[in-house]
Structure formats: C-alpha cells, structure tokens
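Student:
Protein chains in written order, with my numbering: chain A, 6 to 248; chain B, 14 to 302; chain C, 24 to 391.
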C-alpha cells in the first residue's frame, strides 16, 4: 500500500467536513474516489496534500506518516496534485508552468518533460503561450502535465472531466491510461463512465465517511450501491453524473 | 512657464516618482503575493532615511549610506515578517492592524533616539550642484535619483521575468497554494519578498532625504500615503502599474507644485478618485476581488 | 494562549440560526447589564467626591475620545473594515463648531446649527469616500481614507484665513458650558446617549446584517444583501458619531488647531478600540480611559524620564501583542474568562480575508 488514510478527520473552521476517512491505495493502480457533491472528496485530496491538514487521524505514504507536514514537504515526498480548478498560472507561459514544477534540471526531469509533451501533444504547440490563453481542456492537460514532470509516487487528480467537452474527456481518458503505467493515481471523478474506463479500485465517500471500497468492476454491477451513494441508475445511460 | 522650467519640473517629478516607486513597488508586490497591506512600509522608508543620515555623517560615503540603509531595511523587514506578519497570514484585517502597530513602534523608536524634529540632510558633495544647458538647469542629484530608480526598476523587472525566483513570485501572486503543492516553500518566498520590499523602501528613503533636504519621523507615513495613491492608480500587485502610477503621481505633484503648491496633494487625490471611478481595480489591476 | 482566527467559512450558525447573536447578547446582558450602569453611577457621583479641574478635564477627554473610539469600533469591530481617515470626521465636527461659534456668537442656536452642519458634512464625506472605495477590496478603504484625511489635514493647515493653520484659534463657547461640573455632566449624558443609540443600531436588523458581513461577506452577498450599501450605512453612522465627538472635543478645549485633523488621532482611536476590545463598544471607553490616564501620568513623569515622552511606544507594543494574541482586547479577555470562549463578537477576532486566494498558504478554504 503506497498511501493509507486511517480515521482521518478534517475540520474547516467550525465545519466538520471529514469525519472518518479510512482507505488504502495500492501502488501502480488507479483508485477512484466517488461520492455525491459535498461528500468530502475534494477535502480528502486536500487533506492528503496538507492544504487542509487533518485534525485527527493518520495519513501514511510508503508507511511513513505525512499528516501535519507543510504542503511543500508533502509534495517533495512525491505527492502530486491536480486541483479541481486546475490552478494553471495564467500569467506564466505553458513552458514556465511546467518548469516551475521541475526542481532540478537533471536528465530524468527532462525525460519526464518529453514524456508529458508526448502524452499531451497540444501543449507542445503552445509552449510559449500564456496559461491564461488556453482552453479549458488545454488547462487540464497542463495541470496534469505539470504534476507529471515531478517525480511523483502518487498523483491526486480532482475531477479532471469537469466542464470539458466529450471529445476532450476522451483525450483525457486516453492520457490517464498512459499515465497510470508511470505512477499511482487517486482520482476524484463524478463522470462514472470516465471513472470506470480508467479506474481499477474505488472508494465511496458519503457525508465525510468512507462507506465502501473495493474493485471497480464489481461496483459496476451493484446497482443498489450506485443508486444509494452516487445517485446513478445505470439504466438511464452510463454517463449519468452524480449529485 | 518657459522651456527650462518645464524640463526642470519634469525631471523633478520623475525623480520624485522614482523614489515613490521604490516604496510603492514593494508595497504592491507584498500585497499581490501575500495579500498583506503593509502599513509599516513607510516606516521602513523613514528608517532608510535615518540610517542614511547617520552612516553618511560618520563615514562621508553616500554609497555606504545607500548600502547600509538597504541592509537595515532587509534585516528589519525580515524580523517584522517573522515576528508579526507571519502569525496572521490569511487575515487581511489583522495584517493591517499588526503592521500599523509595527509602524507606531518604529516611529516612536526613531523619535526616542533622534528626537521628533527634522534633521537637515545635505546632498553629498559629489552630487551637489547642477548643469546648465541654455535655459535648462539640471540638478545633479535629481538626475542621480532618476538613474538609480531606473536601474532598480529594470533590475527588479528582470528578476521577476527572467529568474526562477521571479517565476515563483509571479505564480504566487496568482495562487500561493498551488505553488506549495508543487513543492515550493512559499513561506520562505514570502519572507524573502517582504524583506526585499523593505530594502527597496529603505533605499527610497535614503535617496529621498537629500532631495527634500531633511529627514523627519513623519516622512514615512506621508510618502506611504503617496505610495497608496500610486498602487490604487496602478492596480495592486502590478509591477508595471506601480511604475506608471509613480510617474503620474510624481509629475502631477511637480507640475501643480509650480502653479499652486497648496493643491499638489489634492491633484493626486483627485487623480486617484478619477481612476477609482473609471477603473476601480486600477489601470493594471487584476480583476475583482 | 494563541490567537485563533475563525475559519474561512466564517462562524457557523450566525446566519443559519437567525437571532442567534441577539440571544447570546441577551444572555450576556443578564449577567452584566448592571455593570455599565454601575459605572455610569460612579461617574455621576464623581463630582461629589472630587472637584479638581484637572480631573474633570481628564474625565471629559476620556469620555469624548471614548465616544470617538466607539465610533471607530462600529467600523472595525462590527463591520470588519479598517479606516485610516476616521479623524477627518472628528476634525470636521471640531472645525465646524469652532468656525461657526467664532463668527457668530456663543449662542445655543448656533451650536445646534453646527451640530446639524457636522451631520450633513459627515454624511456627504462618508458617501463620497464609501462610493469610491467600498466597491473594491476592503483594504482600499484603509488606503483611500488615509489619503482623504491627509487632504483635509492639508486644507486645515493651508487655509489659514479660516483655520489659522497649526497655530489654531480659540473661540467662546455658550456660557452655560463654562461651568466645569455642568460640562462634565453634559459630556457624561452625551456619552451615555451615544452608547445607547449605537447599541440600538448594532442590535437593529441593519446591525445584524453588518455582523454577518463581518463574519462571512460572501455568504451575506449570497443571501441577497447589498453588502456595499450596508457597509456604506456603517461608515455613515460611524462618521456622524465621530463628528459629534469632534464637536464635544472642540467645546471642551474652546480651541481648535490642525491637531484635530492629525492621523495620530485615528491611530489613537485604533489603539483605544483594540486595547479595550473590538466588537464590544464598551471596550472603546476602557481603552480610552487606560491610554488617556496613562498618557496623563506618563507625561508628568516624563520630566524625569525622557523616554516616557514616548508613551506611544509602550502602547504600540501592547497593541501588537493584543492583535497577535488577544484579538478580543481587555474586555474580550475577561468576557472570555467568565463566559467561556467563542461567544461574543470580540472573542472571535477579526473577520478573515474574503479573497480566499490570500489564505492559501496557511489553510485554504475547502471546496467540498
């Protein structure tokens, strides 16, 4: 298990957002976090990253506790983060956005940069373009690419398909399948079609609690579970969004 | 107003603008990056002025005065960030309040040591006097401040656009959280920028002293107010905006001082009001809140 | 004890449970409602015990500056905006009454005219500054008010024909105000009345909206409140009260100079409010009493210890410590001790920055 969360509780101000989050992420797999809007998915990722530090509980990376460390230390230990709003630096060029994430100028970093530009050829053409001038899909690619140029052990990706055109979602799915050979991925995704296309394991979060985890292809059969926690009735079309 | 007067006023205005720029650019950068409106910034300007006076009086070297003022600014800025500002990041009101406290303490310390009255500050002999070209009289010291201001502006611009640190700062202005998530210790960058901004302010102060002929404990708040007008005009967080705003404020002040000295601040306040009416976020401001 | 700032989402329940704050206040009132009246009673009995002119003088100043600091608290403690130009209302009030009485005569009618004029001018200035600055970020209010206050200070300095600049001028006050005991009682009544009126304002529906803006501006906006308009109302009320304090100050001194327009006075109001306790109203008077009493004592000691001339240094340090570690000030600290933490407005500290961007590095707002 590369990443483990044990009874994580996170408060934001007076709000108890996470009450008991417990799950494990096996190395080299894509784990999808599912749940309704407001269930605590984003906060779970942010808690792992140290951006909203947990008030209680343990988070282990490679068996070592990382909760309570500042975000940049957690990032340096090999956790990459692609936030919901992508957070592409609009005043920086695409190249600068990528370079900012690279620590050293060593060989392996350059190799990863080449890999990123192979996976996302759209970015290659726009290297000197300002981040603010990119389309939504390109921003998403840049955000993922920016996380990939770092030598990450785990990549946390928050709702990459949100607001993207179907054609971009397909591109994204293809890219994620390539990426998962390189690194472990924790994916928050409401688009169940995308989730089941790339994911292997799942975790369901509801009202700040983890309620179920397991293998994704088994979940696809469990209509009762899907309806109850995700509001999806697969009969109504497989691209149904939860929430 | 003849040609000579016009050139003279323009040089004076630009030179004053440059010194205000040294104050305003740091203020704007600190706000842009950390969301901190540093009310002690003017005090660092004043502290620079006093350091310059003391060092120049003892050593006779203006260069040494400039350098030591910057060092004092750097050090005091760093300490202030560590002891006070750092504790209230994320709370705009508490930041204004605590930096105001620092302003009070620094001003009172200076008054306790040097007394509340003005101290006359001569122009260094090497830079004293002026050149006359026809009817145009160019004051050497004003040209010197103009040159130093320009060099610093270009250097800071290059630092911001060409270096990795500059890249981090520009990214941090947009989204400090994401910068952290990329493994960069933004707190360190904050301390650095805060101290660096303080050093620029102190440099402004040490250059301003001979230009106006004196230092006094109130010079901090007075010039800080001009810097505020500059950043409101130029847009908070914009380096280019501070540069343009400073030139506008410097020139407007210089020209009105010739026609109607009493109205020179009024013109700047009016300028600010007009900008606020037409472009509430300043000429180069970034979006709404 | 470390300061705890409310989370980015503000304080839960204030809007979720309408009237919650009022309930808390009512509970506080039942425990301590007697105390302010007891203080008033003691202050009213003071002339029976002491009849020293110096004591009346000091008490007058404490009460007047207390009212001024309380008007500042409306902005800082109840709306969550910092003004650096509050003195401009104080100074406007002082100059209005001084100029009118000097050019007419010490009649009660002219005094009322001055009050009316002050209210009118304060409203106009508040509207202009508020309209210019409140549409932008909150911090703009701090900068823009400072610029306007400097402008007014310079007008007061340069328009010597009317103001006589920094030398100032004296004027005759209505005869009945010349008796120090009577004047003291009038000032006491003035202070009590303004406290009652400002309390009413704070606990009115408008005041509740202001508090909710202070706690979470975004949410107040979301609920359909016109945030700018409410902030404007707050600055209007604060400006008028400050203007009235300025009138009282001028009458007490029977003299005005540019000192009544100096930014130092704004900073004093900030110190008094913060030290006494923001968001408490009474804290302003505690702060005023403490700083004015101390400055009075310290200036007499300063003859022997010159460093004490810089008594602001001590208060500046005290103020920094309070902002960092006891955001509720003196009153908030004691209230917190007696009634547990986290209830009064003061204990919750100042409102967080509303642009969530800035608090990222510490603990950004969650999106889930």
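From the three backbone atoms N, C-alpha and C, an ideal C-beta is built for every residue, glycine too.
Cα separation between residue 78 of chain C and residue 342 of chain C?
Tutor: The alpha-carbon atoms of residue 78 of chain C and residue 342 of chain C are separated by roughly 26 Å.
Student: Within 8 Å, do at least three Cβ pairs link the region 121 to 141 of chain A to the region 77 to 87 of chain A?
Tutor: No: the two stretches stay apart, fewer than three of their Cβ pairs being nearer than 8 Å.
Student: Is residue 153 of chain B close to chain C? Criterion is C-beta to C-beta, closer than 9 Å.
Tutor: No, because no Cβ of chain C sits closer than 9 Å to the Cβ of residue 153 of chain B.
Student: Mind checking residue 288 of chain C: buried by the 16 CB within 10 Å criterion, or exposed?
Tutor: Answer is buried; the Cβ neighbour count reaches 16.
Student: Enumerate in chain order the residues of its own chain whose CB-to-CB distance from residue 70 of chain A is below 8 Å, with the five nearest sequence positions on each side excluded.
Tutor: 63, 64, listed in sequence order.
Student: Compile a chain-ordered list of the residues in the region 93 to 106 of chain A whose CB is closer than 9 Å to at least one CB of chain B.
Tutor: Listed by position, the residues of the region 93 to 106 of chain A near chain B (Cβ gap below 9 Å) are 93, 94, 95, 96, 97, 101, 102, 104, 105, 106.
Student: According to DSSP, simplified to helix, strand and coil, what is residue 366 of chain C?
Tutor: The pLDDT assigned to residue 366 of chain C is 34, lower than 50, so where the model puts this residue is not dependable, and the model offers no usable value.
Student: Measuring only between beta-carbons, confirm whether residue 54 of chain A sits less than 9 Å from chain B.
Tutor: Yes, residue 54 of chain A counts as interfacial toward chain B.
Student: Given residue 273 of chain C, which residues of its chain have a CB within under 6 Å of its CB, disregarding the five upstream and five downstream residues?
Tutor: Cβ within range, chain order: 117, 120, 121, 279.
Student: Residues in its own chain within less than 7 Å of residue 155 of chain C by CB, not counting five upstream and five downstream?
Tutor: So the list reads 167, once near-sequence residues are dropped.
Student: With burial defined as no fewer than 16 other Cβ atoms inside 10 Å of the residue's Cβ, what is the status of residue 174 of chain B: buried or exposed?
Tutor: So residue 174 of chain B counts as exposed.
Student: Quick check on residue 58 of chain B - is its C-beta less than 9 Å from some C-beta in chain C?
Tutor: No - not a single Cβ of chain C is within 9 Å of the one on residue 58 of chain B.
Student: Please classify residue 307 of chain C: is it buried, with 16 or more other beta-carbons within 10 angstroms of its beta-carbon, or exposed?
Tutor: Label assigned to residue 307 of chain C: buried.
Student: Distance check for residue 39 of chain A and residue 183 of chain A, CA to CA, integer angstroms please.
Tutor: Using only the alpha carbons, I get a separation of about 22 Å.
Student: If we ignore side chains and look at the alpha-carbon of each, how far apart do residue 318 of chain C and residue 101 of chain C end up?
Tutor: Distance between the alpha carbons of residue 318 of chain C and residue 101 of chain C is about 28 Å.
Student: Using the beta-carbon of each residue, which ones in chain C are nearer than 8 Å to residue 294 of chain B?
Tutor: Residues of chain C passing the Cβ test: 159.
Student: When the Cα of residue 1 of chain A is compared with those of A/61, A/169, A/79, A/218, which residue comes out closest?
Tutor: The question about residue 1 of chain A has no answer here: the residues shown for chain A are numbered 6 through 248.
Student: For the region 238 to 249 of chain B, list every residue whose C-beta sits within 8 Å of some C-beta in chain C, in sequence order.
Tutor: Hits within the stretch, in order: 238, 241, 242, 244, 245, 249.
Student: Secondary structure at residue 189 of chain A, three-state DSSP: helix, strand or coil?
Tutor: It is a strand residue.
Student: With DSSP collapsed to three states, give me the class of residue 327 of chain C.
Tutor: In the structure shown, residue 327 of chain C sits in coil (DSSP, three-state: anything other than H, G, I, E or B).
Student: Run through chain C and tell me which residues come within less than 8 Å of residue 16 of chain B, C-beta to C-beta.
Tutor: In chain order: nothing, as chain C lies at least about 30 Å away.
Student: Nearest chain A C-beta to residue 121 of chain B closer than 9 Å, yes or no?
Tutor: For residue 121 of chain B, the answer is no, since every Cβ of chain A falls outside 9 Å of its Cβ.
Student: Go ahead and pull the three-state DSSP assignment for residue 91 of chain B.
Tutor: Correct three-state label for residue 91 of chain B: helix.
Student: On a Cα-Cα basis, can you pick out the residue from C/347, C/334, C/142, C/300 that is closest to residue 357 of chain C?
Tutor: Looking at the Cα atoms, C/300 is the closest of the given residues.
Student: What is the C-beta distance between residue 67 of chain C and residue 114 of chain C, in whole angstroms, given that I count them as a contact (C-beta under 8 Å)?
Tutor: No, residue 67 of chain C and residue 114 of chain C are not in contact; Cβ-Cβ is about 30 Å, not under 8 Å.
Student: Does DSSP put residue 63 of chain A in a helix, a strand or coil?
Tutor: The answer is strand: DSSP assigns residue 63 of chain A an E or B state.
Student: If you measure from the beta carbon of residue 86 of chain A to each beta carbon in chain B, is any gap under 9 Å?
Tutor: Yes, contact with chain B.
Student: Compile a chain-ordered list of the residues in the region 148 to 175 of chain B whose CB is closer than 8 Å to at least one CB of chain A.
Tutor: For the region 148 to 175 of chain B, which is checked against every Cβ of chain A, not one residue is closer than 8 Å.
Student: Can you tell me which of B/123, B/29, B/16, B/294 puts its alpha carbon nearest to the alpha carbon of residue 159 of chain B?
Tutor: Per the Cα distances, B/29.
Student: Would you kindly work out how many angstroms separate the C-alpha atoms of residue 219 of chain C and residue 189 of chain C, rounded to a whole number?
Tutor: Using only the alpha carbons, I get a separation of about 35 Å.
Student: Return the CA-CA distance between residue 203 of chain B and residue 46 of chain B, expressed in angstroms with no decimal places.
Tutor: About 8 Å.
Student: I want to verify the contact list: residues of chain B whose CB lies under 8 Å from the CB of residue 81 of chain A, in sequence order.
Tutor: Correct list: 196.
Student: Pair every Cβ in the region 232 to 246 of chain B with every Cβ in the region 203 to 213 of chain B, then say whether three or more of these pairs are closer than 8 Å.
Tutor: Output reads no: the region 203 to 213 of chain B does not touch the region 232 to 246 of chain B.
Student: What are the boundary residues of the beta strand (DSSP E) that residue 220 of chain A is part of?
Tutor: From DSSP, the beta strand (DSSP E) with residue 220 of chain A extends over 214 to 220.
Student: Between residue 326 of chain C and residue 267 of chain B, what straight-line distance do the alpha-carbon atoms span, to the nearest angstrom?
Tutor: The alpha-carbon atoms of residue 326 of chain C and residue 267 of chain B are separated by roughly 43 Å.
Student: Find the residues of chain B that neighbour residue 173 of chain C, judging by a C-beta separation of less than 7 Å, and give them in chain order.
Tutor: Chain B residues near residue 173 of chain C: 238, 278.
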